[in-house]
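Enquirer: My structure is below; once you've seen it, I'll send some questions.
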Amino acid sequence: MKMTTFAALLAATTGLAAPAVAQDLHFPMLNYRTGPFAPGGIPFADGYQDYLTLINQRDGGIGGLPIRMSECETAYNTERGVECYESIRGDNPLILQPLSTGITYQLIPRVTADGVPLHTMGYGRTSAMEGETFPWVFNYPANYWDGASVAINYLLSQNGDSLDGKKIVLLYHNSAYGREPIPTLESLAASNGFELVLIPVDSPGQEQSSQWLQIRRERPDYVIMWGWGVMNAVAIQEAANIRFPMDHFIGIWWSGSENDVVPVGAGADGYTALTFHGVGRDYPLYDDIQTYVVDRGMAAGNGDQIGSAVYSRGLYAAMLAVEAARTAQELAGHAQINAAEMRAGMEALSITEERLAELGLPNFSAPFDVNCQNHGGGGAAMMQQWDADTQTWSLITDWIQSDRTLIGELATADAAAYATENNITPGCL
Amino acid sequence: MLYREAGDFKTSYASDNQTFPIRFDRYAYWVVMAVAFLVLPMVMNDYWANSIVVPFMIYVIAALGLNILIGYTGLLSLGTAAFMAVGAYATFKLTTAFPAMPIYLVFLLSGLVTSAVGVLFGLPSLKIKGFYLAVATLAAQFFLIWLFTRYGWFFNYSSTGQISMPERSMFGVTITGATASSTAVYFTCLIFTVAMAWLARNLTRGQMGRTWMAIRDMDIAAEIIGVNPLIAKLSSFAVSSFFVGVAGALMFGVYLGAVEAGEAFGINKSFLVLFMVIIGGLGSILGSFLGAAFLVVLPVLLKILLVDNLGWPADLARHLEIMIIGALIIVVLIAEPHGMAALWRTIKDKLRLWPFPH
Chain R
1 MKMTTFAALL AATTGLAAPA VAQDLHFPML NYRTGPFAPG GIPFADGYQD YLTLINQRDG
61 GIGGLPIRMS ECETAYNTER GVECYESIRG DNPLILQPLS TGITYQLIPR VTADGVPLHT
121 MGYGRTSAME GETFPWVFNY PANYWDGASV AINYLLSQNG DSLDGKKIVL LYHNSAYGRE
181 PIPTLESLAA SNGFELVLIP VDSPGQEQSS QWLQIRRERP DYVIMWGWGV MNAVAIQEAA
241 NIRFPMDHFI GIWWSGSEND VVPVGAGADG YTALTFHGVG RDYPLYDDIQ TYVVDRGMAA
301 GNGDQIGSAV YSRGLYAAML AVEAARTAQE LAGHAQINAA EMRAGMEALS ITEERLAELG
361 LPNFSAPFDV NCQNHGGGGA AMMQQWDADT QTWSLITDWI QSDRTLIGEL ATADAAAYAT
421 ENNITPGCL
Chain B
1001 MLYREAGDFK TSYASDNQTF PIRFDRYAYW VVMAVAFLVL PMVMNDYWAN SIVVPFMIYV
1061 IAALGLNILI GYTGLLSLGT AAFMAVGAYA TFKLTTAFPA MPIYLVFLLS GLVTSAVGVL
1121 FGLPSLKIKG FYLAVATLAA QFFLIWLFTR YGWFFNYSST GQISMPERSM FGVTITGATA
1181 SSTAVYFTCL IFTVAMAWLA RNLTRGQMGR TWMAIRDMDI AAEIIGVNPL IAKLSSFAVS
1241 SFFVGVAGAL MFGVYLGAVE AGEAFGINKS FLVLFMVIIG GLGSILGSFL GAAFLVVLPV
1301 LLKILLVDNL GWPADLARHL EIMIIGALII VVLIAEPHGM AALWRTIKDK LRLWPFPH
């Protein structure tokens, strides 16, 4: 439209927006360090920023080009998220990671129209793993339906491969995020013969006594939780109050941070949660973070989150973004990549055990490959358990593979419905 | 000087009763219109259009609607966001059921659907008033949001309970969806805002508005002089909900594109619109504009100033923003308890006399 040329003129004369083509790689950060979900947003933002700072400080950027970070505060609010997106989309963003399923749903049509890659690691729209329908959206290495399937596979292994006649409660945040695993769990309940009871908790979830009264009445064998923010700690506290066996209480990876269990004290001992990456600080990379980031006084935030579960996840998200940018530079043959080249890099991303070891994160993640058809990675996850005495998470299983045949069927159906609704012809770009 | 009234004679009943009796205001009105329709779309960039001006205009429509109910009829409502949700979900259901229906018609019909729902929840106002009515409308807030998240029919059984706006166009121009240009979105909101403000102004100074104000000032006296409280109160709820419903439809259709009832239309949004009306000025059309500008545009401008121009950390700026807006609300309400519109009225009265105040 005409407006863009005028806008460009305006920007050129005032110098307010859209700086001239600079020799750097723009990694915008849609963070939330304020609001009721800040306990989850802060460690993720710190981890993401610290890794990018490390790459700038230690390696001088990616392929010789420094990473330029910009921060926008969303407060986990969709309207603010949209405002943030509008403010950065003219500034050559290479990859967006909003850390909010609600904002992800707002952004999917926008990034598809504007051509900006969106990486929703372990959250967002699950059927976006169908790369032919969602060419600009990625959710590797694992998604919510993988999480649901891994949790059930873990319970199967605990119960001699049968959940027949068991009763499982899904306690979920009553939002797009919390409702995401329901179709998968319903389908798994039908095939494995367990009874699924759905109990929603309205956001933000500070008040859950009626839900836990219902859980006491239902007497479930297991409770699976899809919570975020303050809801997690409240649920674990309520579970401890009614003496629900903690090892029968399983949280998704967003319900497995230190902030969720520490306030409950000894009562949280034995609580289990999923994770799709390693825990703790025993990785060589953390030495580099200490040397190049913390010791130079460049740590993000207060610098008190380093090594926590969600910090590691932010670090992992940044690592995958940097690896994708590296792949994109190799494919494009030049360092100054644009968003379309970045997308090609994400689609060609391959994380191997050797590469993880080189990066100083041996066995931190399960190896996976991304391709045009599959934007969802491998879908494996591990179980971590909280030890209240030592205040640490420890991994209690090896990688558990999700049921990708079932998830693939569900995702294909959902993506096909989306494609019909929005007149999309699926295909590789 | 500016407001010189000498020589501006009113020679007919119509000119005596016009919306802008002062010549300078009349000119200012046409200048604003010309700027909004001709100049702004040329000079504004996408960021300003999509994240400042469009939400501002949508909130203006919502504030106008609530102002009719609270400011003109004196009925307190805390269910504004739920009525916006009704507008949004009506748009979604109508446009997915009848894809060929012109999208502007969909927005208007969504307003009418909201109107009907508003009348239904306005029925208790015949028996109760004041804080008790506020609690009754609070029930609407919780009940409607619960309904929209509980029953799959409202969101076409999508697995996440989100509703997403499909792409719709009129006269070959894409109005909704991600590919809609910011010009199309801007003009859609502008046309609705101007039309709605015109409608609100003319309703409130006509017979209907006078019956509302009679009810507001003293309902028993109004009844004695022949105002039917049933019709006055329910028509106020109907008109107010129509405005709020159109605002919700636009918010979902052209601004956000995807919403979830609990997140986008929670109780916080009801309070936000209520504060706009109170800070802007109860019973004032201009007040709705000022209140919306204060609570929607000012935070974004503060963010641009603190983060983009001064380079402060985003979270610090966000905390400061909450404090600054909070302090400004207190300052405005102490300086002028009747809202910013009353402040402007005082300034205008002084300007009309200036430079000879005696």
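Heads up: the protein sequence lines correspond to chains R and B, in order.
The C-terminal position of the first sequence is numbered 429 in my numbering, with every residue numbered one higher than the one before it.
The C-terminal position of the second sequence is numbered 1358 in my numbering, with every residue numbered one higher than the one before it.
C-beta: ideal position from N, C-alpha, C; glycine also.
Assign threonine 5 of chain R to one of two classes, buried (16 or more other C-beta atoms within 10 Å of its C-beta) or exposed (fewer than that).
Expert: Taking the first residue of the first sequence as 1, we reach residue 5 of chain R at position 5. The predicted model places threonine 5 of chain R with a pLDDT of 45, which falls under 50 and marks its position as unreliable; any figure quoted below should be read in that light. Threonine 5 of chain R should be labelled exposed.
Enquirer: Which residues of chain R have a Cβ atom closer than 7 Å to the Cβ of threonine 1160 of chain B, listed in chain order?
Expert: Working through the second sequence from its first residue, we reach residue 1160 of chain B at position 160. The CB of threonine 1160 of chain B comes closer than 7 Å to the CB of Ala176, Arg179, Glu180 in chain R, given here in chain order.
Enquirer: Scan the segment 1087 to 1126 of chain B and note each continuous alpha helix (DSSP H) run of 4 residues or more that stays entirely inside, going in chain order.
Expert: 1103 to 1122
Enquirer: Could you pull out every unbroken alpha helix (DSSP H) segment of at least 4 residues lying fully inside the segment 1191 to 1233 of chain B, listed in chain order?
Expert: 1207 to 1217, 1219 to 1224
Enquirer: Mind pulling the chain R residues with CB within less than 7 Å of threonine 1174 of chain B?
Expert: For the purposes of this step, residue 1174 of chain B is identified with residue 174 of the second sequence, where counting begins at 1. Here the premise fails: no neighbours, minimum Cβ distance about 10 Å.
Enquirer: Can you say whether methionine 1 of chain R is buried or exposed, counting buried as having 16 or more other CB atoms within 10 angstroms of its CB?
Expert: Translated into the one-based positions of the first sequence, residue 1 of chain R becomes position 1. In this prediction, methionine 1 of chain R scores a pLDDT of 40, lower than 50, which makes its location untrustworthy; the coordinate-derived value is nonetheless stated afterwards. That one is exposed.
Enquirer: List the endpoints of the continuous beta strand (DSSP E) containing asparagine 387 of chain R.
Expert: Numbered from its first residue, the first sequence carries residue 387 of chain R at position 387. Reading off the sequence, residue 387 of chain R comes out as aspartate, not asparagine. Element bounds for aspartate 387 of chain R: 380 to 387.
Enquirer: Do we get a CB-CB distance below 8 Å when we pair tyrosine 311 of chain R with the residues of chain B?
Expert: Your numbering for residue 311 of chain R matches position 311 in the first sequence. No, because no Cβ of chain B sits closer than 8 Å to the Cβ of tyrosine 311 of chain R.
Enquirer: Between alanine 142 of chain R and chain B, is there a C-beta pair that is closer than 8 Å?
Expert: To locate residue 142 of chain R, count along the first sequence from 1; it is residue 142. Judged by the 8 Å Cβ criterion, alanine 142 of chain R is not in contact with chain B.
Enquirer: Taking Cβ-Cβ distances below 7 Å as the criterion, which residues of the segment 23 to 51 of chain R are in contact with chain B?
Expert: Asn31, Arg33, Thr34
Enquirer: For isoleucine 306 of chain R, which of helix, strand or coil comes out of DSSP?
Expert: Position 306 of the first sequence holds residue 306 of chain R. It is coil, neither helix nor strand.
Enquirer: For threonine 78 of chain R, decide whether its Cβ has a neighbour in chain C, counting only Cβ atoms nearer than 8 Å.
Expert: Absent from the structure: chain C. Protein chains present are R and B.
Enquirer: At 4 residues or longer, and completely inside the segment 1003 to 1056 of chain B: list those alpha helix (DSSP H) runs for me, N to C.
Expert: 1013 to 1016, 1023 to 1034, 1040 to 1043
Enquirer: Does any C-beta atom of chain R lie closer than 8 Å to the C-beta of threonine 1095 of chain B?
Expert: Counted from its first residue, the second sequence places residue 1095 of chain B at position 95. Judged by the 8 Å Cβ criterion, threonine 1095 of chain B is not in contact with chain R.
Enquirer: Quick check on glutamine 206 of chain R: buried or exposed, where buried means 16 or more other Cβ atoms within 10 Å of its Cβ?
Expert: Locating residue 206 of chain R in the first sequence gives position 206, where the first residue counts as 1. The residue is exposed, with fewer than 16 neighbouring Cβ atoms inside 10 Å.
Enquirer: Could you confirm whether any beta carbon from chain R is found closer than 8 Å to the beta carbon of arginine 1004 of chain B?
Expert: Position 4 of the second sequence holds residue 1004 of chain B. No, its Cβ sits nowhere closer than 8 Å to a Cβ of chain R.
Enquirer: Would you say valine 1297 of chain B faces chain R, with C-beta separation under 8 Å as the test?
Expert: Within the second sequence, numbered from 1, the residue matching residue 1297 of chain B stands at position 297. For valine 1297 of chain B, the answer is no, since every Cβ of chain R falls outside 8 Å of its Cβ.
Enquirer: Tell me, please, which residues DSSP counts as bridged to threonine 1174 of chain B.
Expert: Along the second sequence, read from residue 1 onward, the residue named residue 1174 of chain B stands at position 174. Per DSSP, B:Ser1169.
Enquirer: Roughly how many angstroms lie between the CA atoms of aspartate 59 of chain R and alanine 318 of chain R, to the nearest whole one?
Expert: Taking the first sequence and counting its residues from 1, the one referred to as residue 59 of chain R is at position 59. Taking the first sequence and counting its residues from 1, the one referred to as residue 318 of chain R is at position 318. Approximately 15 Å between the Cα atoms of the pair.
Enquirer: Within the same chain, show all residues whose beta-carbon is closer than 8 Å to that of isoleucine 1324 of chain B, passing over the 5 residues directly before and after it, in chain order.
Expert: In the second sequence, the residue the question calls residue 1324 of chain B occupies position 324. So the list reads Leu1302, once near-sequence residues are dropped.
Enquirer: For a contact defined as C-beta to C-beta under 8 Å, what are the partners of serine 1051 of chain B on chain R?
Expert: Here residue 1051 of chain B is taken as the residue at index 51 of the second sequence, counted from 1. What serine 1051 of chain B touches in chain R: Val82, Glu83, Glu86, Ser87.
Enquirer: Determine the closest residue to methionine 121 of chain R out of R:His277, R:Ala189, R:Val293, R:Pro426, with distance taken between C-alpha atoms.
Expert: Along the first sequence, one-based indexing puts residue 121 of chain R at 121. Nearest option by C-alpha distance: R:His277.
Enquirer: Determine, for alanine 411 of chain R, whether the minimum Cβ-Cβ distance to residues of chain B falls below 8 Å.
Expert: As a working note, residue 411 of chain R is residue 411 in the first sequence. Taking Cβ atoms only, chain B never reaches closer than 8 Å to alanine 411 of chain R, which makes this a no.
Enquirer: Can you tell me which of the three DSSP states leucine 9 of chain R falls into?
Expert: The residue you call residue 9 of chain R lines up with position 9 of the first sequence. Any reading at leucine 9 of chain R must be qualified, since the residue scores a pLDDT of 42, below 50, and its modelled position is unreliable; the value itself is stated next. Helix.
Enquirer: So which residues of chain B does threonine 112 of chain R contact, with C-beta pairs closer than 8 Å?
Expert: Indexing the first sequence from 1 puts residue 112 of chain R at position 112. Going along chain B in sequence order, the residues near threonine 112 of chain R (Cβ under 8 Å) are Ala1178.
Enquirer: Could you work out which residue in R:Gly61, R:His173, R:Asp221, R:Asp146 is closest to leucine 188 of chain R when comparing CA atoms only?
Expert: Within the first sequence, the letter at position 188 stands for residue 188 of chain R. Comparing Cα-Cα distances from leucine 188 of chain R to each of R:Gly61, R:His173, R:Asp221, R:Asp146, the minimum goes to R:Asp146.
Enquirer: According to the neighbour-count rule (16 or more other Cβ atoms, all chains shown, within 10 Å of its Cβ), is arginine 1150 of chain B buried or exposed?
Expert: For the purposes of this step, residue 1150 of chain B is identified with residue 150 of the second sequence, where counting begins at 1. Flag for arginine 1150 of chain B reads exposed.
Enquirer: Does the Cβ-Cβ distance between valine 1244 of chain B and threonine 1114 of chain B come in under 8 Å?
Expert: The residue you call residue 1244 of chain B lines up with position 244 of the second sequence. The residue you call residue 1114 of chain B lines up with position 114 of the second sequence. Result yes, Cβ atoms of valine 1244 of chain B and threonine 1114 of chain B sit closer than 8 Å.
Enquirer: Which ranges does the alpha helix (DSSP H) cover as unbroken runs of at least 4 residues, wholly within the segment 85 to 165 of chain R, from first to last along the chain?
Expert: Annotation note: the segment 85 to 165 of chain R contains the following uninterrupted alpha helix (DSSP H) runs of length 4 or greater, listed N- to C-terminal: 101 to 114, 144 to 158.
Enquirer: With a cut-off of 8 Å on the beta carbons, I'd call proline 183 of chain R and serine 1159 of chain B a contact; round off their distance for me.
Expert: Here residue 183 of chain R refers to the residue found at position 183 of the first sequence. Here residue 1159 of chain B refers to the residue found at position 159 of the second sequence. The Cβ separation is near 5 Å, so the contact holds.
Enquirer: Give me the DSSP bridge partner(s) of aspartate 24 of chain R.
Expert: Position 24 of the first sequence holds residue 24 of chain R. None; aspartate 24 of chain R has no bridge partner.
Enquirer: For threonine 1091 of chain B, I'd like the list of residues in its chain whose CB is within less than 7 Å of its CB, leaving aside the five on either flank, ordered along the chain.
Expert: By one-based count along the second sequence, residue 1091 of chain B stands at place 91. So the qualifying residues of the chain are Val1106, Phe1107, Ser1110, Ala1249, Phe1252, Gly1253.
Enquirer: Have a look at B:Ser1077, B:Ile1052, B:Ile1070 and flag the residue whose alpha-carbon is nearest the alpha-carbon of tyrosine 85 of chain R.
Expert: As a first step, residue 85 of chain R is located in the first sequence; it is residue number 85 there, counting from the start. It is B:Ile1052 whose Cα lies nearest to the Cα of tyrosine 85 of chain R.
Enquirer: Does any CB atom of chain R fall closer than 8 Å to the CB of arginine 1345 of chain B?
Expert: Locating residue 1345 of chain B in the second sequence gives position 345, where the first residue counts as 1. No, because no Cβ of chain R sits closer than 8 Å to the Cβ of arginine 1345 of chain B.
Enquirer: Where are the alpha helix (DSSP H) runs, 4 residues long or more, that stay fully inside the segment 206 to 290 of chain R, in chain order?
Expert: 209 to 218, 230 to 241, 258 to 261, 284 to 288
Enquirer: Taking Cβ-Cβ distances shorter than 7 Å, what residues in chain R pair up with proline 1166 of chain B?
Expert: Residue 1166 of chain B sits at position 166 when you count from the first residue of the second sequence. Those within 7 Å of proline 1166 of chain B in chain R are Glu421, Asn422.
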